[in-house]
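Peer 1: Those protein sequences? They're chains H and U, same order as listed.
Be aware that the first sequence starts at 1, since it is given in this note's numbering, and climbs by one per residue.
Be aware that the second sequence starts at 380, since it is given in this note's numbering, and climbs by one per residue.
Even for Gly, the Cβ is constructed at its ideal location relative to N, Cα and C.
Bear in mind the structure is a predicted one, so any value in this text is a computation, not a measurement.
Have a look at this one before I ask anything.
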Amino acid sequence: MSSKFKLNWENYFIRRGGECKKFWKMYLEQRTETNNILFILGIGFDPRIDMGLKTIIDAGAENISCLAIRIDEGPDSPTKEYTELVEENYKKIEELVGSKNIRDKLIKMFDKYKRRIGPRELVGLLRGENLTGYPDLIIDVSALPRCIFFTMITELLKSLSNSDNLKNKNKNLHVLVAENPELDKKIKQDVPDEEPYSLPGFGKDISRTSTENIPKVWIPILGEGKNYHLKRIYESIKPEEVCPMLPFPAKNPRRCDDLIKEYYEFLFDGIQVEPKNFIYAAEDNPFDVYRQIVYTAIRYNNSLKSLGGCITVISPLSSKIMTIGAAIGAYELRKNALQVGVLHLDALGYSITDDIGNLKKIAKKSELFSIWLSGDCYG
Amino acid sequence: MRVRNPFLLLAAEQIEFDTTFLDLFEPGALEVLQKRSDSLWNRVCIFRSSPGGGKTTLLRLFTPSALKTLHMFRDRENYKELYNRLKELNVLDEGGVRLLGVMLSCSRNRSYAGIEDLVFDENYEQNINKKKRLLFALLNCRIIISALKGLSELADLNFPDELDLVYIKSPQEDVPLHYPINCSGLELFNWAQKMEEEICSIIDDLMPIDNNGKLMDSMLSSLYIISPKNMLVNGSQIVERAVVMFDDFNELTPVQRETIMRTIISSRPPVGIWISERLEALSEREVLKDVLPGDRVGRDFEEIVLEKFWRDNPSRFEKVVLNIANRRIKYADVRGVSSFTECLSDKLDNEVWLKVLTHVSKKVEEKISKRRKYQKWLEFCKRLTNSFKNGAITWRALEILVDRDSQKTLSDFSEIGVDKILSAEEFTKQCGSDVKAAAELFISMEYNIPYYYGWSRIAKMSSFNIEQFIYLSAKLFEEFLSSSLISTSPKPLTPKQQEKILKKSVESRLSEIIDRMPKKENIKRFVDAIGNFARWETYKPNAPYSPGVTGIAIEMEDLDLLLKSPKYEDLALTISECIKQNLLLPVPNHKCKGRNWMVLYLNRMLCVKYGLPLHYGGWREKTLHELYIWLREGFKPKISKR
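Below you can see the structure in the form of structure tokens.
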């Protein structure tokens, strides 16, 4: 590994399940200054929406200011069918923090030509926010689409480390996520985009003609039901090397085998992936995903030094928790001046494949993860 | 390189090595260019098709590395035809490559569309103008970088280190230039590289622009700089012509597409311009009204719709796809197979046909033996000494013709009571290939005999789309591989096996496509309505549109109403989405019965799904209102009065 590269999250902080509440209780008790918290969450139909907020309120959090992100996917979105559920969820949040402590912000996901602009709109929104008054920033990604929370995490990490107003101000950035693979399976992406696109801040290295000669190493993080996504992204970047990431260890010990079976044709017949190229990361630890991405990028950059290094292209196609790992991995590579791109393919909206009552029951089995990304614990 | 199933290799343009790419490239695909060889290098040519039509593969052939490799190995037997065809197009000759092909991807990840999100100026007009100029600046940098890279490739220079051997001359035309000129290629490259990096950072990070217009260009001036006479290597011009190929042009925003097109057409640059775009990113209006009617061809630009070209030349398409299949087979890790046709048997068991012949002839004889009018026809069929298959088909055709004649008699009062004996000559005259084709289809449905099998029908099932062809072939070859595993010598797939695999593959491919489409319930209902309607018409006993109906048509003059009326909003969207995804194949401006039609043929995979023939030509006119009802309620067959 390159001696110059220092892993920011070599030691990391993550709590899960019952430990989350204990941690937040202790954390909030130890805070000396006024605990103004900016809590950013998505307002959607996902029944896990209030799990994180409820946990920190139960732990004693006060002075919570909620930034509620509503996503407008346009009139054709399948998500439109669940408007009632969205409003029901919004009421839950209102009951928890009071309506005067919620600020709604709408993000238009598509422009009039149906081009995806949501992540870029989000960047504008975050840059317009005054974050100086909040020692604690919490993002609850449970009801946010991948492209939005990925951009939110990387943009906030950048602001906290670069912005004149925010750096060295002891700001803490936490990410909450309620994981539930069973529930994830019931929420289906509908009408995938035709074309992959790069997320803000991670496009320039893959878009330049002058870097076309530099080999591209693609790390798709494999999740179920993404055959079309994989094919479209592959066609778009035409990478020289492909290092698919598999979730291992995983709750279901056969998950890797199932994924290999699902993508056998694409991986082995279609693009001839070398079996030795597979990388493995724990499905419930974003820092493992992060480390594997960074190590892989460093190794390839060292090996391909004489060709000008490589461009690492990451495509998060798996769970939310693994996507958080991909976000911090991409952020870290960019911060250390390694060439990195993030190519993603989204869908017009989401639909539920089960009845809503059942969905709510399943949601109760969700496990909360609290991930501390920046601030006091990192010195 | 040996692979298990070479049909599963991603499209040829994805293949990394030029030699593999050239091995898999079928020279016949160049026929789309050969008729236009005069206008290819000095005009704008637009290549359009649905996804998988082969546009990018075609463009890649003209890139310097592919041409250079081809020239290097031109004596190899498998490259000779390709070399000769390109020689005819003046792309290369014994002396070397004569064309500098500059290929630029306009895909979403190339940042062009992201320019639209930037705000440079509060004044709306100013803002639009600045975005346009930034777009031109980015394109100029990229055209220059790609051209210099291509030139290095052709001149065997190390890129970019030996670009100092390239000299950039000032163009003779009066063009505003903001970049180094009368300088070395290296100087120009360094400038373009730096500019591109700055522009990409601005777009990617959504940063404001504050360098007094340094990063902006008022036109595509790079098209003049890369003209062969302005780029000299060691003091000499090394190519005769240049072409800039904009791939995935549909991924630019509509404003950007229009801006670039207008600029190129009005400035008439000294290089050829090729544009490739899919129909799928276009609006309903563009698909239905602006693009397809295509009357502007030959005026401002040449338009090549790949599917249309092959539809006009179906036998060439069959030849091309068979060659594509055979080229892929050579990469297969299976012994003893050199051609795709060896994997498929097109012979049905004679026993089966004998049974059908016996049954059909008996049935038809019973039906008409007491009708004097058809005695000669019956005798003719009895005398047949054809193969069992042809015999069965002729007998079934006889039944169709008798049904037709009975219908005619019923509707023509002058014929009632007149039982004029019809001659054998009359039978042979009426029993044309279309009736026989209908008869074969009817037999296959009535006796559960495979219909969708054999090389030629598989080629037809691909609807002139190469990706669709490769998909179907991959599924067949997979089965062939599996059966080879349990057999000492590979045996071709039987017609029954072929039909089973094809029907299953078609079903899964169609549901994959429709599942990805917006308002998929509408799409399903609409396509289902057309399919069921076509089936209902096709299987009428007298086969009125033999061999069958496989499409519908709307009047061209109804297109305006379709696009403007709020009532038809969903219908317009559904039709255009079906065209974009190749579920419907449009044939605009088709003249028939003194009127002008837009024929919409079903993708041939849908014909397999609904048990229809694979021929073109059978379509029925429909009003917008009828289609509107279909979209809402599906097709409901009228109860026959007969």
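Are there three or more Cβ pairs, one per stretch, closer than 8 angstroms when the segment 985-1000 of chain U is compared with the segment 912-930 of chain U?
Peer 2: Contact holds: three or more Cβ-Cβ distances are below 8 angstroms.
Peer 1: Could you work out which residues of chain U lie near lysine 216 of chain H, taking near to mean beta carbons separated by less than 9 angstroms?
Peer 2: Translated into the one-based positions of the first sequence, residue 216 of chain H becomes position 216. Chain U residues near lysine 216 of chain H: none, gap ~11 angstroms exceeds 9 angstroms.
Peer 1: Let's test the definition: count the other Cβ atoms within 10 Å of the Cβ of isoleucine 64 of chain H and tell me whether it reaches 16, buried, or not, exposed.
Peer 2: Here the question's residue 64 of chain H lines up with position 64 in the first sequence. Buried.
Peer 1: Give me, in chain order, the residues of the same chain whose beta-carbon lies closer than 6 angstroms to that of glutamine 809 of chain U; leave out the 5 immediate sequence neighbours on both sides.
Peer 2: Position 430 of the second sequence, counting from 1, holds the residue named residue 809 of chain U. Only Leu780 meet the Cβ criterion.
Peer 1: Could you name the residues of the same chain whose beta carbon sits closer than 6 angstroms to that of methionine 935 of chain U, not counting the 5 residues immediately before and after it, in chain order?
Peer 2: Position 556 of the second sequence, counted from the first residue, corresponds to residue 935 of chain U. Here the set comprises Asn975, Met977.
Peer 1: Measuring straight from C-alpha to C-alpha, what distance separates leucine 338 of chain H and isoleucine 892 of chain U?
Peer 2: Indexing the first sequence from 1 puts residue 338 of chain H at position 338. Indexing the second sequence from 1 puts residue 892 of chain U at position 513. Their Cα atoms are separated by approximately 38 angstroms.
Peer 1: Going along chain H in order, which residues have a C-beta closer than 7 angstroms to the C-beta of cysteine 579 of chain U?
Peer 2: By one-based count along the second sequence, residue 579 of chain U stands at place 200. Chain H residues near cysteine 579 of chain U: Lys204, Ser207, Arg208.
Peer 1: Taking buried to mean at least 16 other C-beta atoms within 10 Å of its own C-beta, is glycine 225 of chain H buried or exposed?
Peer 2: Here residue 225 of chain H refers to the residue found at position 225 when the first sequence is read from its first residue. Glycine 225 of chain H is exposed by the Cβ-count criterion.
Peer 1: Look up methionine 598 of chain U in the DSSP assignment and give the residues it is bridged to.
Peer 2: Residue numbering aside, residue 598 of chain U sits at position 219 when the second sequence is read from its first letter. Partner(s): none; methionine 598 of chain U has no beta bridge.
Peer 1: Give the single residue among U:Lys879, U:Cys986, U:Leu979 whose Cα lies nearest to the Cα of leucine 917 of chain U.
Peer 2: Here residue 917 of chain U refers to the residue found at position 538 of the second sequence. The displayed chain sequence assigns threonine, not leucine, to residue 917 of chain U. Looking at the Cα atoms, U:Cys986 is the closest of the given residues.
Peer 1: Which residue wins for smallest C-alpha separation from valine 735 of chain U, given the options U:Gln572, U:Ile828, U:Tyr850?
Peer 2: In the second sequence, residue 735 of chain U corresponds to position 356, counting from 1. Considering only alpha carbons, the answer is U:Ile828.
Peer 1: Since asparagine 975 of chain U is in the beta strand (DSSP E), which residue starts that stretch and which ends it?
Peer 2: Along the second sequence, read from residue 1 onward, the residue named residue 975 of chain U stands at position 596. Per DSSP, asparagine 975 of chain U belongs to the beta strand (DSSP E) from 974-981.
Peer 1: Suppose contacts are defined by Cβ-Cβ distances below 8 angstroms. Is arginine 706 of chain U in contact with aspartate 397 of chain U by that definition?
Peer 2: Taking the first residue of the second sequence as 1, we reach residue 706 of chain U at position 327. Taking the first residue of the second sequence as 1, we reach residue 397 of chain U at position 18. The answer is no: Cβ separation not under 8 angstroms.
Peer 1: Would you verify that the beta carbon of arginine 381 of chain U is, or is not, closer than 8 angstroms to some beta carbon of chain H?
Peer 2: Start at 1 with the first residue of the second sequence, and residue 381 of chain U comes out as number 2. No, because no Cβ of chain H sits closer than 8 angstroms to the Cβ of arginine 381 of chain U.
Peer 1: Which of the residues in the segment 481-494 of chain U, read from start to end, lie with their CB under 8 angstroms from any CB of chain H?
Peer 2: Within the segment 481-494 of chain U, the residues whose Cβ lies closer than 8 angstroms to some Cβ of chain H are Leu483, Ser486, Arg487, Asn488, Arg489, Ser490, Ala492, Gly493, listed in chain order.
Peer 1: What residues from chain U crowd round glutamate 195 of chain H, counting only those whose CB sits closer than 7 angstroms?
Peer 2: Counting from 1 along the first sequence, the entry for residue 195 of chain H is found at position 195. Ser486, Arg487, Glu630, listed in chain order.
Peer 1: Can you list, in chain order, the residues of the segment 150-162 of chain H whose Cβ is nearer than 7 angstroms to any Cβ on chain U?
Peer 2: Taking 7 angstroms as the Cβ-Cβ cut-off against chain U, none of the residues of the segment 150-162 of chain H qualify.
Peer 1: State buried or exposed for proline 253 of chain H, treating a residue as buried only when at least 16 other CB atoms are found within 10 Å of its CB.
Peer 2: In the first sequence, counting from the first residue as 1, residue 253 of chain H sits at position 253. Exposed is the call here.
Peer 1: Which chain H residues are close to arginine 895 of chain U, counting only those with a beta carbon under 8 angstroms from its beta carbon?
Peer 2: Taking the first residue of the second sequence as position 1, residue 895 of chain U is located at position 516. Within chain H, the residues near arginine 895 of chain U are Val191, Pro192, Tyr228.
Peer 1: Return the chain-ordered list of same chain residues with a C-beta closer than 6 angstroms to the C-beta of tyrosine 558 of chain U, the five sequence neighbours on each side being excluded.
Peer 2: In the second sequence, counting from the first residue as 1, residue 558 of chain U sits at position 179. Cβ within range, chain order: Trp570.
Peer 1: List the residues that DSSP assigns as beta-bridge partners of aspartate 324 of chain U.
Peer 2: This structure gives no information on residue 324 of chain U, because the portion of chain U shown stretches from 380 to 1021.
Peer 1: Assign valine 676 of chain U to buried or exposed, taking buried as 16 or more other Cβ atoms, counted over all protein chains shown, within 10 Å of its Cβ.
Peer 2: Start at 1 with the first residue of the second sequence, and residue 676 of chain U comes out as number 297. Only weak support exists for where valine 676 of chain U lies, its pLDDT of 49 falling under 50; the coordinates are left without a value.
Peer 1: What are the start and end residues of the alpha helix (DSSP H) that includes asparagine 569 of chain U?
Peer 2: What you label residue 569 of chain U is simply residue 190 of the second sequence in a count that begins at 1. Here the alpha helix (DSSP H) through asparagine 569 of chain U covers 564-584.
Peer 1: Going along the chain, which unbroken runs of the alpha helix (DSSP H) with 4 or more residues stay wholly within the segment 385-459 of chain U?
Peer 2: Qualifying alpha helix (DSSP H) stretches, in chain order: 397-403, 410-413, 434-440, 443-451.
Peer 1: Output, in sequence order along the chain, the residues in the segment 287-316 of chain H whose CB is closer than 9 angstroms to any CB in chain U.
Peer 2: If the cut-off is 9 angstroms between Cβ atoms, the segment 287-316 of chain H has nothing near chain U.
Peer 1: With C-beta atoms as the reference, is phenylalanine 1014 of chain U less than 8 angstroms away from asparagine 911 of chain U?
Peer 2: Here residue 1014 of chain U refers to the residue found at position 635 when the second sequence is read from its first residue. Here residue 911 of chain U refers to the residue found at position 532 when the second sequence is read from its first residue. Against a cut-off of 8 angstroms, the Cβ pair of asparagine 911 of chain U and phenylalanine 1014 of chain U comes out as a contact.
Peer 1: Just to confirm the assignment, what range does the alpha helix (DSSP H) spanning asparagine 89 of chain H have?
Peer 2: Within the first sequence, numbered from 1, the residue matching residue 89 of chain H stands at position 89. Element bounds for asparagine 89 of chain H: 83-97.
Peer 1: Are the C-beta of leucine 373 of chain H and some C-beta of chain U separated by less than 8 angstroms?
Peer 2: Working through the first sequence from its first residue, we reach residue 373 of chain H at position 373. No, leucine 373 of chain H does not count as interfacial toward chain U.
Peer 1: Whole angstroms is fine: what's the gap from aspartate 543 of chain U's alpha carbon to leucine 527 of chain U's?
Peer 2: On the second sequence, position 164 is the one that residue 543 of chain U refers to. On the second sequence, position 148 is the one that residue 527 of chain U refers to. Their Cα atoms are separated by approximately 11 angstroms.
Peer 1: Among U:Leu449, U:Met482, U:Asn457, which residue has its Cα nearest to the Cα of lysine 1077 of chain U?
Peer 2: Residue 1077 of chain U is absent from the model: chain U starts at 380 and stops at 1021.
Peer 1: For glutamate 575 of chain U, return the contacting residues in chain H, with the cut-off set at a CB-CB distance below 8 angstroms.
Peer 2: Within the second sequence, numbered from 1, the residue matching residue 575 of chain U stands at position 196. In chain order: Arg208, Thr209, Ser210.
Peer 1: Helix, strand or coil for threonine 132 of chain H, going by three-state DSSP, please let me know.
Peer 2: If you number the first sequence from 1, residue 132 of chain H lands on position 132. In the structure shown, threonine 132 of chain H sits in coil (DSSP, three-state: anything other than H, G, I, E or B).
Peer 1: From the DSSP output, in three-state form, read off glutamate 681 of chain U for me.
Peer 2: Translated into positions along the second sequence, residue 681 of chain U becomes position 302. Note: glutamate 681 of chain U maps to strand in three-state DSSP.
Peer 1: Mind checking the segment 518-548 of chain U against chain H and listing, in chain order, the residues whose C-beta falls within less than 7 angstroms of any C-beta there?
Peer 2: Residues passing the 7 angstroms Cβ filter: Arg521, Ile524, Ser525.
Peer 1: In the DSSP output, what is methionine 610 of chain U paired with across the bridge?
Peer 2: Within the second sequence, numbered from 1, the residue matching residue 610 of chain U stands at position 231. Partner(s): U:Ile547.
Peer 1: Where do the ends of the beta strand (DSSP E) carrying glutamate 1000 of chain U lie?
Peer 2: Sequence index remark: in the second sequence, residue 1000 of chain U carries index 621 (1-based). Segment 998-1000, the beta strand (DSSP E) holding glutamate 1000 of chain U.
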